[in-house]
Structures are given as structure tokens and as C-alpha cells.
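Written below as C-alpha cells is the structure these notes are about.
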Amino acid sequence: MLALLFLGFSAGLPFLLVFSTMSAWLHDFGVSRTSIGFFSWLGVTYSIKVLWAPVVDRVRLPVLTRLLGQRRSWMLLAQVGIAAGLAGLALADPAAALEPVVWFGLLVAFSSATQDITIDAYRIEAAEEEWQAAMAAAYTFGYRLALLVAGAGALYVAEFASWSAAYWAMALCVGVGLVTTLVIAEPDRPLQPRVEAMELEAEALLSASWPDWLRRMVRWFYGAVVCPFVDFFSANGWGVSVLLLALIGLYRLSDITMGVMANPFYLDMGFSKQDIANVVKVFGFGMTIVGSALGGVLVMRYGLMRMMFVGAMLVAGTNLLFAYLAALGPGEIDHLHLALVISVDNFSGGMAIVVFIAFLSGLTNRAY
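One rule links them: number in my numbering = place in the sequence shown (from 1) + 11.
Right, here's the structure in full:
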């Protein structure tokens, strides 16, 4: 659980640095809101990480996998990528050229999504099922703590030093994950007999006339890429599976697409970076933790799917509160308005993400 606390911190640290914190940085350098909005496309990497998850799951890295194991080797590689990308952002100048910011931001986002794959796999494999809820709770707390550091912490450093210093500081914070990766043990990976039998079906697809490299590639592709989908659709049926995938893809869409515009909105409403750090990040952090805790209790009391519905309605509905602030305009908004909206928004988001994680965990086959 202690390891998952630190790994949760490592997973949460890069997220805001390519979203709302980056938006505030770009706004300060005079980048247009239209261009800032396009930076939200960096978040697509988190949504499509399933495309390279089979590679992370099965491909061995030269030297690193032999020394550290499958999970830790990919974890370490991802963390090095995050640190390198943040260092590049610290050296970039958005006023002079946006292209380096895009590429370094993409490196951070891609490496962060890859790290998420490995940490989730490690969490599932490192402990028995009865410990998974406690492991997830420790991970979530570490993740939220990292959001506080990457949000309020980065804004404080930018306010009193510079944006370059803020991103250098965040690059140094990646060391928390690096050290954790080096000291934890690699988990065992037992293959379920049913899964092993399903993956052996690839032999029927192979022709004896094919070269060895092609036979190995087809065998790997079937086991790593095809079998997870065969398992998922056979377990749930085609109709339910399509609905589940649509729900997973769309459940937090409003948070992801609107979140990148939040800091420019606050700044346009007349609040300083210090105001945002005090109210949005610090106070909002507390409300997120409260929402997360209450979400776990309500799932136990009322059931998962009822709370999935409530969470979706709350997260979507909070956008109306931001519309209300926009209608008031800069001269009419005070810190009480901001605190109220942020409280409801973070409370709803905290509840929704805990319910969503519980939902995803119930769908997960430990073999993949």
C-alpha cells in the first residue's frame, strides 16, 4: 500500500502539467485561447493507451526487463520519458515557438499514459483480490496529492519564481516514482489455464510454410491483442460489450474536454494565479477527497450502477455552474462564488472517479 501511495503520486504528477497548469502557462505568454484549446488533444493519449497496452504487457525491453522484470522495466522507461519531457518544457519558450511545447507535451502525455498502464497492471498483480480496494485507495490518495503539487505547487512556483522553475521542480518530483520503481519487487504473473488454452488456439492459424519470425509474430499478436477482446466480448456478449465500451469512452468526457479551459477562464474572470492556487487547488483538493470517500460509501449502500448514473449527472451538471459564472462576468464574481462552484465541481468529480474505477476494476481480467 505504501508503494501504491508513491506510485499514485508518480501517476498523478504529469496529468495537470499538460492540461490546466500548461493552459495557465500558455495564457501568461499570450497564446490565444483557440491554440490553448487545441492542446487538449494531448489528452487523447490517455484515452487510446489501450492501443499500445499489449506491447507494454508482453514485449520485453532489452537489458531492463532482465534486470527489473516486465512491469518495473516499462515503469522506469515511462518515468524517464516524463522527466525528459518536463525538462524540455522548462527550456521551451511558448512566445517564440509553440511546436517544441507540443512535442515535449506529447512526450509527457504519452509516457504518462504508458506509466498508467504499468502501474495498473502492477496494482492488480501485486496483491490478492481482497487487498485491491485498499491498494486503489492508497493509489488514489497519492494521485490526488500529486494533482495538488502539479496544480497549486506549480502555480506558486510560477508566481514567485518563473514558469521555467516550476517545470524544473516538477521534473525533479518524478524522482519519487523512479525511486519507488527501483525498490519495489516485481509481482508474479501466473497465467490462468483457461486463458492459456485460449491463447494456444493461435497454433491452428499458423501455416507450416511460414517463416519462424512470422509464426512468432502471429502467435504473439493473437495472444496479446486478439485474446483480450475475445475474452471481453465472450464474457459480456456483443450488445452489452458495445454499450460498456461506449460508457467507458464517454463517461468523463465533459471533465476531460472542459478541464483544459478552466484556468484561462479563471484568469479571464479576474482571478490571479495565487487566487487559483488557494481556492481551486487547495480548497478543491479537500472537496475531491470528501467526494471520493463518500462515493465509496454510497457504492456500498446503493450499488454501483445507481451511483454511476448519479456521478454522470453531477459531473455534467456542474458545467451549468461555470456557465452561471460566465454570465455574471468579471466584475460580479467574488471568491465566495468561485469557492462554491469549485466545491461542487471537485466533490462531483471525486465521487465520479471513485465509482468509475470501481466499475472498471470489476470488468478487468487479471490476465490482461
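We put the CB at the ideal spot given by N, CA and C, even for glycine.
Start-to-end residues for the alpha helix (DSSP H) that takes in L183: 174–184 is the span of the alpha helix (DSSP H), which, as asked, contains L183.
contact_flag[the stretch 120–134, the stretch 244–253] where n(CB pairs < 8 Å) is 3 or more: Because the criterion of three Cβ pairs below 8 Å is not met, the stretch 120–134 and the stretch 244–253 do not touch.
Using the C-alpha atoms, what's the distance from A14 back to A196? 10 Å
Contacting residues, own chain, Cβ-Cβ under 7 Å from A101 (five flanking each side not counted): S175, Y178, W179, A182
Can you tell me where the alpha helix (DSSP H) with P239 in it begins and where it stops? 238–247
Going by beta-carbon coordinates alone, are S123 and A273 separated by less than 8 Å? no
Hey, which unbroken runs of the alpha helix (DSSP H) at 4 residues or more fall wholly within the stretch 303–372? 315–339
Taking Cβ positions, are F358 and M298 nearer each other than 8 Å? yes
Do you know whose CA, among M12, L325, M324, lies nearest A147's CA? Relative to A147, the option among M12, L325, M324 whose CA is nearest is M12.
Which same chain residues end up closer than 7 Å to F243 when comparing Cβ atoms and leaving out the 5 residues on each side of it in sequence? S252
At what residues does the alpha helix (DSSP H) containing L216 begin and finish? Counting along the chain, L216 falls outside any alpha helix (DSSP H), and DSSP gives it neither H nor E.
H346 to W52, Cα distance in whole Å? 31 Å
V271 by DSSP, collapsed to three states: which one? coil
If you draw a straight line from the alpha carbon of A208 to that of E214, how long is it in whole angstroms? 11 Å
By Cβ distance, which residues of its chain are closer than 6 Å to V42, with the 5 residues on each side in sequence left out? P105
Let me confirm a value: L28 is counted as buried when at least 16 other C-beta atoms fall within 10 Å, else exposed. Which label applies? buried
Can you tell me whether DSSP reads Q285 as helix, strand or coil? helix
What's the gap between the Cα of L258 and the Cα of G234? 26 Å
Going by C-alpha distance, which of L305, M86, G270, E110 is nearest G48? G270
Please identify the residue among P222, D199, T268 whose C-alpha is closest to the C-alpha of G54. T268
Ends of the alpha helix (DSSP H) at L78? 75–79
Report the rounded CA-to-CA distance for M280 versus S372, giving the unit in angstroms. Going from the Cα of M280 to the Cα of S372 covers about 39 Å.
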